[in-house]
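Numbering (my numbering), first residue to last: 1 to 813.
The beta carbon of each residue, even a glycine, is placed where N, CA and C say it ideally should be.
A short write-up of the structure that comes next.
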Amino acid sequence: MRSTGRSHGPRRFLALLALPLALAVSAPGFANPTTDRTVAPDRASTGNQDGVGLMRIVVADRSGIDRLTDLGVDLAEYVKPVDDGIEVHAVLSSEESQALRDKGFDVRDAISDQSDHARNMAERSAAIRAATAATAGADTLTVLRAEWFTSLDNQLFLNIEVKSSAGTDATTVLTASWDSGPGTQVGSGGTATMSRFTDAGQYLYHRFSNPVPITAKPARATITSSQGGSATVDVTTWLGSPRKNPGKHPYVSDFVDHYLDPTEVTARFTGLAAEFPTLTELIDLPYKTNGYRRKAQAQFGTAAASTLYVTSTAYGHQGGNDLTMALVDPGAANAPLTVSVAGKAVTVSLATDGAGATSSTAAQVVAAVNGNTDAAALLTASTYRGNAGAGVLAAAPATSLTDNLKAPASVSREPFQMKVLRIGKHRDGSKVGVFLYCQEHAREWVTPLVCVESAERLLRNYAKDPDTRKIVDGLDIFILPVVNPDGAHYSMYDFNMQRRNMTNHCPATNADPGRRNSWGVDVNRNFSVGSVFDGYVGASATNCVSDTYAGPAELSEPEARNEVWLVDHFPNIKLSMNTHSYGGYFMWPPGAYKAEGREVLPRVDQGTEAYFWTSSDYILSRVQEYRGTAIWPGRTGPVTDVLYSAAGNSADEHWYNRGIIGWDFEVGADIYDPATGRFSAVGFQPPFAEGHEEAMEFANGNIAILEVARAYATDKSQPRTSLEVVGREPGATAFTFRTSEPANVYYTLDGSRPTYDSPKLALAGMREGVQNITVTSDTTVNWFSIDIAGNVEGNYKPEGQGKNYHQQRVSVQ
Ligand SMILES: [Zn+2]
């Protein structure tokens, strides 16, 4: 905790939870209708983007993140352990920042503000991740990971993760010491205290907040605990496994020179399909988006009780923008309230009292306008954010309604046709399919570039590069560069921090013009597995202005339904990559948990987890090849272990409903400054020079994923296993299995034939190695193994009658 004396106690939060943040900030009169304050400036009620920044917030633990989510706070996909808690980043207006500070949250400085958007737009124009040891009588330390790696500018870093059997005791302090190479003394390389990592009230393990910069490659590390435990392990290498023959063939790359909007991206893909007809086809996804369009609106009044707003029936570009409305003082005493319509002009003549002063209240005008058949055909009037509207409305000149949309006319206002570029020599469903998709979140501008660059490299290197030809000939690749085109247009031209789509599901109490940057559905929370509707954490089902609003129902949005359609329509799809930004992560399911007891969606089995780690090494080494960026071991793993709970995300949808490997990238790894020894976050929209580098290195990652997929598709080699006794004491023997490659092992201890219904070798725990199995009498162990591609050891048929499984006798002293 920070020493501000502020309390994050439970009582304070209970009060907060009852009121969505956005309402708490700027809904005068809503909680108490008799209060009548000035209508609050909102995120962007003036149509300008100023006042909204990407702010640093430090919370005590992950429950703080869940609370921020419940409040509708717009969080970036970034969590970082710091000395006094967890740092997260949120998009906040100055009013929202102050409201959070008032509630006791530790809101700190800005990572970026709107000047960055101005700079980016200017640029755009110009360039159109062991063995364990324990000491008796003390706590047992299980070393999960201990590895060194190289990142930018050949700086060496050390990452260690250790689980203490006394870790639930908050006073347990672990200290790591390491040597400076083989034969040197442990401690000669350095010493550091580790942080205790807890989440949702549960101890997970100890780790370093950041990878520790080191000067020599360590060979051994010793971790000691304040509870007396100690463990010494070998330090292994993370990443950096070079390819056998990189650069052997001419390879072209670098096909993006500015941030691209969805119209440009779609044109690019249409062009590629035309240029490479034998290798590609363009698939029109069946559900059109709602469109980059809005109803036109105007607002009258300055205080909540005497304010109303009108919303056109037609979208702005379909006539809504042509409407005007005037509130006229008739200039005579005792005049009645009347409404008249002439063409596209609505005139409200306000009632007056005996002295000739206007006397119509906001509520009365709302009723009169909505009660006039001609006016009601054109527009609908509403009081301000649920206010009773008892205040007298001031006269106002004829005011044009506007949809406020600022994109050039080249950006269509009609429902958007999402297109997938299918790349492959044999596009008949016979090849393993891979689904690469980008920009579910509008403001993540680098992500579509990753998809575009990946497609260009595949097609333009096909003729000359044999490695590319193997991929394109051997796989069926589906690339969807922009999952959220409407939101992405809005992010580029109207409100750069837009995350969601543009569809407004808000009732009139939250639909005034000042709310227009707070509408939409978080596409990556709208899926049907582990959703907020199922009771999982990390999305809002009720707060339509929350930035993780899940929508009115699972799969309510066309953008989400299109993804589901694709993977249902092409059942050969076995792997997927969902590219987001920022922070530099490589993740897989599970991606959500329930708050109660931190109940995580079912974890992948031991063989699959091992496959994921092996793949990570390959894929992340390729990312590193480009400019040295090492994705940290601490940012590699299941979403719930390294980031947070994201209820209803698409990777979980693909994995749990269809068995499709659902990976996630967060491009944009923190940049290390050797001068200061600090890491800094890059944000959603870095200067294009940085965005370009991120696109290039993660396109490397996408190509590596395709190579991993091809290895999967062509894997005909069977796993090999052996039984290894790992511990023997009087009356008990412990054993485990070793496998030649990532594989699941099914075994029996009762002499029966092993089948898929038999017990399966499991992991000892989260981020741990395989379990040890203990027997207390002489036991015959029967087993077989199967790899991720379905190859069974020794060609054994678990569902048949054969006896060609392994058998070994384990004796007990
Ligand atoms: Zn995202």
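Extent of the continuous beta strand (DSSP E) run through residue i
i: H505; result: Taken as a continuous stretch (DSSP letters only), H505 belongs to no beta strand (DSSP E), as it is neither H nor E.
i: N300; result: Checking the sequence shown, residue 300 turns out to be Phe, not Asn. Start and end: K295 to F300.
i: K419; result: K419 to I423
i: R145; result: L141 to S151
i: S97; result: Note, S97: premise wrong, no beta strand (DSSP E); alpha helix (DSSP H) at S94 to D102.
i: M696; result: Unbroken run through M696 is the alpha helix (DSSP H), F688 to T714; no beta strand (DSSP E).
i: I471; result: First-last for I471: P466 to G474, but that is the alpha helix (DSSP H), not the beta strand (DSSP E).
i: G607; result: Counting along the chain, G607 falls outside any beta strand (DSSP E), though it belongs to the alpha helix (DSSP H) covering Q606 to R627.
i: T155; result: Correcting the residue type first, residue 155 is Gln in the shown sequence and not Thr. It spans Q155 to S164 - the beta strand (DSSP E) in which Q155 sits, taken as one unbroken run.
i: I661; result: I661 to A669
i: F735; result: A732 to T739
i: I283; result: T280 to D284
i: I65; result: From DSSP, I65 is part of no beta strand (DSSP E) but of the alpha helix (DSSP H) over R62 to D70.
i: D486; result: Note, D486: premise wrong, no beta strand (DSSP E); alpha helix (DSSP H) at P485 to Y493.
Alpha helix (DSSP H) segment containing residue i, residue limits
i: C451; result: V446 to R460
i: Q114; result: Q114 to A126
i: F570; result: Element bounds for F570: n/a, residue is neither H nor E.
i: P895; result: Residue 895 falls outside the range modelled here, since the chain spans only 1 to 813, and no answer is possible.
Within 8 Å, strictly: CB atoms of residue i and residue j
i: M492; j: D261; result: yes
i: F737; j: V775; result: no
i: S312; j: L401; result: yes
i: T215; j: P415; result: no
i: I573; j: F435; result: yes
i: W613; j: W663; result: no
i: G72; j: D547; result: yes
i: A734; j: N772; result: yes
i: G316; j: L405; result: yes
i: K217; j: G240; result: no
i: P742; j: A610; result: yes
i: A368; j: S306; result: no
Burial state of residue i (16 or more Cβ within 10 Å)
i: Y437; result: buried
i: V726; result: exposed
i: E559; result: buried
i: A27; result: Only weak support exists for where A27 lies, its pLDDT of 32 falling under 50; the value from the coordinates is given anyway. With 16 or more other Cβ atoms within 10 Å, it is buried.
i: T46; result: In this prediction, T46 has a pLDDT of 37, which is less than 50 and means its spatial position is unreliable; what the coordinates show is noted afterwards. Flag for T46 reads exposed.
i: K803; result: exposed
i: G201; result: exposed
i: Q801; result: exposed
i: N48; result: Low confidence applies here, because N48 scores a pLDDT of 46, under 50, leaving its location unreliable; read the following figure in that light. By the 10 Å Cβ count, N48 comes out exposed.
i: N795; result: exposed
i: F478; result: buried
i: T69; result: buried
i: E768; result: buried
i: N321; result: buried
i: R635; result: buried
i: S752; result: exposed
i: Q297; result: buried
i: G391; result: buried
i: S112; result: buried
i: G343; result: exposed
i: P633; result: buried
i: Q756; result: According to the sequence as given, residue 756 is Tyr; it is not Gln. The residue in question, Y756, is exposed, as its Cβ has fewer than 16 Cβ neighbours within 10 Å.
i: H426; result: exposed
i: N32; result: Reliability of the predicted coordinates at N32 is poor, the pLDDT of 35 falling under 50, and no value is obtained from them.
State whether the segment 521-539 contacts the segment 80-93, with contact taken as three or more CB pairs (one from each stretch) at a distance under 8 Å. Result no; under three Cβ-Cβ pairs closer than 8 Å.
Would you check if the segment 461-480 and the segment 498-517 touch, i.e. whether three or more CB-CB distances between them fall below 8 Å? The count of Cβ pairs closer than 8 Å, one atom from the segment 498-517 and one from the segment 461-480, stays below three, leaving the stretches out of contact.
Is the segment 92-99 touching the segment 147-159 in the sense that three or more CB pairs, one from each, lie closer than 8 Å? no
Using a Cβ distance threshold of 8 Å, determine whether the segment 482-496 contacts the segment 279-297, with at least three qualifying pairs required. yes
Quick check: the segment 664-677 against the segment 597-608, are at least 3 beta-carbon pairs closer than 8 Å? no
Count the C-beta pairs between the segment 634-646 and the segment 217-231 that are closer than 8 Å, then say yes if the count reaches three, no if not. Pairwise C-beta distances place the segment 634-646 out of contact with the segment 217-231, as fewer than three of them are shorter than 8 Å.
May I ask you to verify whether the segment 268-286 touches the segment 438-457, counting CB pairs closer than 8 Å and requiring at least 3? yes
Sufficient close CB pairs (3 or more, under 8 Å) joining the segment 442-449 to the segment 341-357: No, the segment 442-449 does not touch the segment 341-357.
Check whether the segment 540-558 touches the segment 613-631, counting contact only when three or more Cβ pairs, one atom from each stretch, lie closer than 8 Å. no
Answer yes if the segment 703-710 comes into contact with the segment 681-691, meaning at least three C-beta pairs across the two stretches below 8 Å, and no otherwise. no
If contact is defined by three or more beta carbon pairs under 8 Å, each pair taking one atom from either stretch, is the segment 230-238 in contact with the segment 103-112? No, they do not touch.
Would you say the segment 565-584 touches the segment 187-205, given that touching needs at least three Cβ pairs under 8 Å? no
For the segment 707-723 and the segment 781-799, state whether three or more C-beta atom pairs, one from each stretch, are separated by less than 8 Å. yes
Touching by the beta-carbon criterion (3+ pairs, under 8 Å), the segment 319-338 and the segment 296-310: yes
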